[in-house]
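Each remark here refers to the structure printed beneath this line.
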Amino acid sequence: MKKVWKGFAAAVSAAAIAATGFIGATSANAADGDVKVTITDATSADQKFVAYRVLNATNNGDNYAYTINTKYSAQLKTATGLPLNGTDEQNNKAVTDHIAPLTAAQMKVFADKLWVAIANTKPAVTPDVSEFTGKTGGASFSGPQGYYLIRQTSAGDNDALSSVIVNTAGQNGVDVTLKKNVPTVEKKVQNVNDSSNTTSGWQDSADHDVNDKVNFMLTGTTSTYVNDFKQYKFEFKDTMSAGLTFVQAGDTVAAGDVTVKIDGTAITSGYTVTLADVPTGTAAPYTGGKVLTVSFADLLAAAKAANIKLDGGDVVTVEYKATLNESAVIGSAGNPNKVDLTFANDPHYSGAGANEPTGTTPEDEVIVFTYEVNADKVTSDNKPLEGASFALLKWFEADKVWKVYQHAKAADGTNPAVAAGWVALPSGVTIANKAAIATLSQTDAAKIPGTAAENKEGKWTVNFPRIDDGDYAIVETVVPAGYNYAAPTQFTITGNLVTTQPTGGAITGTWGAPATGNNDVTVSSGGTISTSIVNNAGNRLPSTGGMGTTILYVAGAVIVLIAGIGLAVTLRRRQA
1 MKKVWKGFAA
11 AVSAAAIAAT
21 GFIGATSANA
31 ADGDVKVTIT
41 DATSADQKFV
51 AYRVLNATNN
61 GDNYAYTINT
71 KYSAQLKTAT
81 GLPLNGTDEQ
91 NNKAVTDHIA
101 PLTAAQMKVF
111 ADKLWVAIAN
121 TKPAVTPDVS
131 EFTGKTGGAS
141 FSGPQGYYLI
151 RQTSAGDNDA
161 LSSVIVNTAG
171 QNGVDVTLKK
181 NVPTVEKKVQ
191 NVNDSSNTTS
201 GWQDSADHDV
211 NDKVNFMLTG
221 TTSTYVNDFK
231 QYKFEFKDTM
241 SAGLTFVQAG
251 DTVAAGDVTV
261 KIDGTAITSG
271 YTVTLADVPT
281 GTAAPYTGGK
291 VLTVSFADLL
301 AAAKAANIKL
311 DGGDVVTVEY
321 KATLNESAVI
331 GSAGNPNKVD
341 LTFANDPHYS
351 GAGANEPTGT
361 TPEDEVIVFT
371 YEVNADKVTS
381 DNKPLEGASF
391 ALLKWFEADK
401 VWKVYQHAKA
411 ADGTNPAVAA
421 GWVALPSGVT
431 IANKAAIATL
441 SQTDAAKIPG
451 TAAENKEGKW
461 TVNFPRIDDG
471 DYAIVETVVP
481 AGYNYAAPTQ
491 FTITGNLVTT
501 QPTGGAITGT
511 WGAPATGNND
521 VTVSSGGTIS
531 TSIVNNAGNR
541 LPSTGGMGTT
551 ILYVAGAVIV
561 LIAGIGLAVT
571 LRRRQA
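Each residue of the sequence shown is one higher than the one before, starting from 1 at the first, in UniProt numbering.
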């Protein structure tokens with residue numbers, strides 16, 4: 001029987017604990033007998049463990065004696081590389097002499113080899129401590145003093161399997177904390193404002209026009225201990241709601257449809273890309289959506305092939321585009337998009353295929369909003385007015401032009417289908433700059449393709465669905481007979497977007513000022529911006545002489561008076 005001093009044994013214990021996946025804190029000066037080991041942060045019932053006492057230990061208060069547990073002789077021979085063909089005393093000394101000087105890194109290698117040797121034994125070795133489970137206060141077992149290999153056999157979804165060597169000789173009890181690091185995943189989206197020609201940073205919500213290509217980024221971070229693994233599965237599963245369509249170059253999805261980087265270096269191989277329908281029965285808001293999967297069967301091999309060295313805590317990014325389609329939900333519910341990450345969680349696994357132990361991170365979600373503008377046609381006394389057509393224009397700062405909204409149209413026998421979106425103004429219409437929209441003439445307005453107001457619930461209305469933040473103008477392209485042309489109405493939509501939280505914000509609509517013909521605007525929680533466009537009836541011109549002349553003079557005086565009042569109101573508003 002080999003005796004070692006307390007300080008020597010404590011050093012071995014500390015090195016083992018630091019190196020093999022756990023952090024331990026022990027109490028000393030125990031009598032010879034059973035010792036309780038508690039894994040303090042194993043508080044979930046999903047966390048299960050077994051323990052193998054590979055060395056027996058006794059102490060007399062001053063010295064510890066370690067002997068090989070003969071059921072593990074073959075496994076210790078494999079893990080140490082020693083022949084162990086001497087006497088029991090010689091073999092005991094050889095093993096303890098081998099373990100004692102190991103550094104933390106060497107202890108990790110030793111623990112890995114020992115576990116693999118135990119795991120590969122046929123028939124299987126029965127653990128000395130049968131399965132014990134996480135609970136409030138931690139997972140624990142009590143057993144004779146010794147040198148234990150504790151192996152985690154089950155983990156929760158966002159968890160990694162661990163193993164540890166714990167020396168309980170001379171201890172009243174040993175408290176162990178799981179020393180592990182699991183991957184994380186985050187999803188972000190970019191917002192684009194056409195009217196200011198600005199693109200946001202990566203954030204948690206955005207708003208977009210129909211048929212905009214929306215930029216998304218997935219960011220996965222590897223375990224700090226990634227190099228402890230023999231192979232390292234790393235798989236992004238990105239779920240899009242039905243309002244988003246993945247952008248791909250060909251008929252089938254290919255690796256080139258996404259941009260993948262490891263620690264900032266782009267790679268084009270070592271991973272697969274697939275796109276599939278969400279599973280049948282998937283609940284709203286993902287019903288009818290798609291699942292994009294970007295999967296590394298072995299991230300370690302992919303990085304090595306690209307001459308990238310993984311150091312632990314490495315960042316893997318995936319960027320792709322999705323089109324906001326004509327099924328996109330309008331308003332505050334938005335069009336969510338979520339991701340989770342499946343990762344290898346057992347550094348001792350050396351096999352391949354579907355049996356590889358894995359964990360999965362919690363989901364991270366972003367939201368893309370889109371809005372709708374409703375324009376109601378009314379008379380000066382707020383009565384619905386038939387016969388008008390309107391166009392919605394938007395300012396595009398990059399091109400310094402106004403563009404007109406085009407409604408989607410289905411294909412017919414003569415014409416192909418038309419997608420909704422923004423198109424150039426007709427060649428005969430020139431609006432010199434952004435401000436010039438205020439003085440757009442009726443003649444030029446009539447050249448712009450408009451949409452006739454329809455009777456909806458007693459109102460003559462035009463709807464412009466699935467637009468985003470920006471500067472707009474509603475232009476009357478057809479004026480009801482007997483009424484005067486209403487100058488363009490300008491307004492601004494501002495998305496109150498959330499940048500650092502996974503939930504989306506509300507939207508607001510505000511008027512741009514000054515703007516001729518502005519009216520009150522209302523914004524519903526459903527994402528609809530509504531306004532009423534007022535037409536004033538035209539006056540019949542009088543004949544010469546008689547009563548008609550008097551009427552004309554009086555009418556003229558009234559018009560001048562009203563103009564004066566309007567000017568005063570405008571000045572007061574400006575001064576205010």
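We put the beta carbon where it would ideally sit given N, CA and C, even for glycine.
Non-local beta-carbon contacts of Asn69 in its own chain, meaning distances under 7 Å to residues more than five positions away in sequence, involve Arg53, Val54, Leu55, Asn56 in chain order.
With 16 or more neighbouring CB atoms inside 10 Å of its own CB, Thr245 falls in the buried class. With respect to the C-alpha of Gly86, the residue from Thr80, Ala94, Gly413 having the closest C-alpha is Ala94.
Take the alpha-carbon of Leu385 and the one of Thr379: they are about 6 Å apart. Boundaries of the alpha helix (DSSP H) harbouring Glu89: 88-99, taken from the DSSP string. Cα atoms of Lys48 and Ser524: separation of roughly 52 Å, rounded to the nearest angstrom. Remark: C-beta atoms of Gln171 and Gln145 approach each other more closely than 9 Å. Counting along the chain, Leu300 sits inside the alpha helix (DSSP H) bounded by residues 299-305.
The residues Gly387, in chain order, have a CB closer than 8 Å to that of Ala481 in the same chain once the five nearest residues on each side in sequence are set aside. By alpha-carbon distance to Val50, the top candidate from Lys456, Tyr66, Leu161 is Leu161. Val109 has its alpha-carbon roughly 41 Å from the corresponding atom of Val366.
CA-to-CA, the gap between Asp444 and Asp207 works out to about 31 Å.
Ala305 is the residue among Thr287, Ala305, Gln90 whose C-alpha sits nearest the C-alpha of Ile267. In the structure shown, Ser140 adopts extended strand secondary structure according to DSSP, grouped into three states.
Remark: C-beta atoms of Thr168 and Gly137 do not approach each other more closely than 9 Å. With 16 or more other CB atoms across the displayed protein chains lying within 10 angstroms of its CB, Gln152 is buried. Counting only unbroken stretches of 4 or more residues, the alpha helix (DSSP H) elements lying wholly within the UniProt domain "SpaA-like prealbumin fold" (373-496) are 442-445, in sequence order. Note: Lys309 is not bridge-paired with any residue in the DSSP secondary-structure output.
In the three-state scheme derived from DSSP, where H, G and I count as helix and E and B as strand, Ala42 is classed as coil. With a 10 Å radius around the Cβ and a threshold of 16 neighbouring Cβ atoms, Gly256 comes out exposed. In this structure, Ile165 places its C-beta atom within 9 Å of the C-beta atom of Leu114. At a Cβ-Cβ threshold of 9 Å, Thr531 and Asn374 count as neighbours. Look at Ala105 here: in three-state DSSP terms it is helix. Runs of the alpha helix (DSSP H) lying entirely within the stretch 155-184 and spanning at least 4 residues: none are present. With a contact defined as Cβ atoms closer than 8 Å, Val478 and Ser389 qualify at about 4 Å. According to the DSSP assignment, Ala74 belongs to the alpha helix (DSSP H) that extends over 73-80. Per the DSSP secondary-structure output, Pro336 pairs in a beta bridge with Ile367.
A straight line joining the alpha-carbon of Ala284 with that of Leu299 spans about 33 Å. Burial state of Ala486 is buried, judged by a 10 Å Cβ sphere holding 16 or more other Cβ atoms.
Where Gly220 is concerned, the enclosing beta strand (DSSP E) starts and stops at 213-221. In the displayed model, Asn120 falls within coil according to three-state DSSP, outside both helix and strand. If the five residues before and after Ile474 are omitted, its C-beta is found closer than 7 Å to the C-beta atoms of Ala375, Phe390, Leu392, Pro488, Thr489, Ile533, all from its own chain and listed in chain order. Pro336 counts as buried, since at least 16 other C-beta atoms from the protein chains shown sit within 10 angstroms of its C-beta.
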